[in-house]
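Read the structure below first, then the notes.
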Amino acid sequence: MLDFLWQLAGLYDYITIFTTWSFVLAFLYNLSASINKSDKSCTQLAFIMMVSYTSSIFMDPLSKTPHLTLFIFDIVTIFFLIIWRIYFSKNLPVAFYYLLVGLSFNAFVFFGMHYDSIVLGNLDYWWFWALYAIGQIIFDLTMLLVLLINKDFLGLVALKRYLLNRIKNTHQKVE
4 MLDFLWQLAG LYDYITIFTT WSFVLAFLYN LSASINKSDK SCTQLAFIMM
54 VSYTSSIFMD PLSKTPHLTL FIFDIVTIFF LIIWRIYFSK NLPVAFYYLL
104 VGLSFNAFVF FGMHYDSIVL GNLDYWWFWA LYAIGQIIFD LTMLLVLLIN
154 KDFLGLVALK RYLLNRIKNT HQKVE
């Protein structure tokens, strides 16, 4: 597994470029698909993600704290998604929830890697490194896919509704 992770690290630049261009293409796809639609919410979300990922490509990965910088990028993007939700959204697309979950996961692993490698100075492989390397790619691809299809293919929105209804029903029984 360690050899596989080092091979992934060697492909970092290519993976970053592929992911960034994929978000640009997701925005362009949503832009062309929403030309005759009144609901432009997915296009706006794709634009936010495109700007975030495109601006982060200019960050130097060889800096002293690359994971902390990427953590900040994800937190700022989450902040902009919440601002968009409060002020600009009419219809809340499924993609919004997937983007929040994906960016939250990425922020968590970026902060974890910063803490592990910079604060603690750990350079020995452990399971969190695999979670970081593989999880980040999977969540980025999931966010891309949901921006393209805007479907609840993993059931996150259905799970949210189930949990909220369960909490609501439990609260009503207590009263």
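Numbering (the numbering used here), first residue to last: 4 to 178. Just so it is clear, CB atoms sit at the ideal spot from N, CA and C, and this is done for glycine as well. The structure displayed is predicted, hence computed values, not measured ones.
Using only alpha-carbon positions, find the residue among I170, I81, G124, G115 that is nearest to F99.
One-based indexing of the sequence shown puts residue 99 at position 96. The candidate whose alpha carbon is nearest that of F99 is I81.
First through last residue of the alpha helix (DSSP H) which encompasses W129
Here the question's residue 129 lines up with position 126 in the sequence shown. Counting along the chain, W129 falls outside any alpha helix (DSSP H), and DSSP gives it neither H nor E.
Between which residues of its own chain and K43 is the CB-CB distance below 7 Å, once the five residues before and five after are set aside?
Translated into positions along the sequence shown, residue 43 becomes position 40. Taken in chain order, the residues that qualify are S37.
Residues in its own chain within less than 6 Å of A110 by CB, not counting five upstream and five downstream?
Sequence index remark: in the sequence shown, residue 110 carries index 107 (1-based). F74, D77, I78, listed in sequence order.
Residue closest to L31, alpha-carbon to alpha-carbon, out of T173, V54, W87, T19
The residue labelled residue 31 in the question sits at position 28 within the sequence shown. Minimum Cα distance to L31 is reached at V54.
At 3 residues or longer, what runs of the beta strand (DSSP E) sit wholly inside the segment 89-130?
none
Short check: CB of W87 to CB of Q47, under 9 Å?
Your numbering for residue 87 matches position 84 in the sequence shown. Your numbering for residue 47 matches position 44 in the sequence shown. Yes; because the gap between Cβ atoms is below 9 Å, this pair is in contact.
Buried or exposed, going by whether 16 or more other CB atoms sit within 10 Å of the CB of Y128?
Numbered from its first residue, the sequence shown carries residue 128 at position 125. By the neighbour-count rule (16 or more Cβ atoms within 10 Å), Y128 is not buried but exposed.
Helix, strand or coil: how does DSSP classify T68 here?
Counting from one through the sequence shown, the residue named residue 68 turns up at place 65. T68 falls in the coil class under three-state DSSP.
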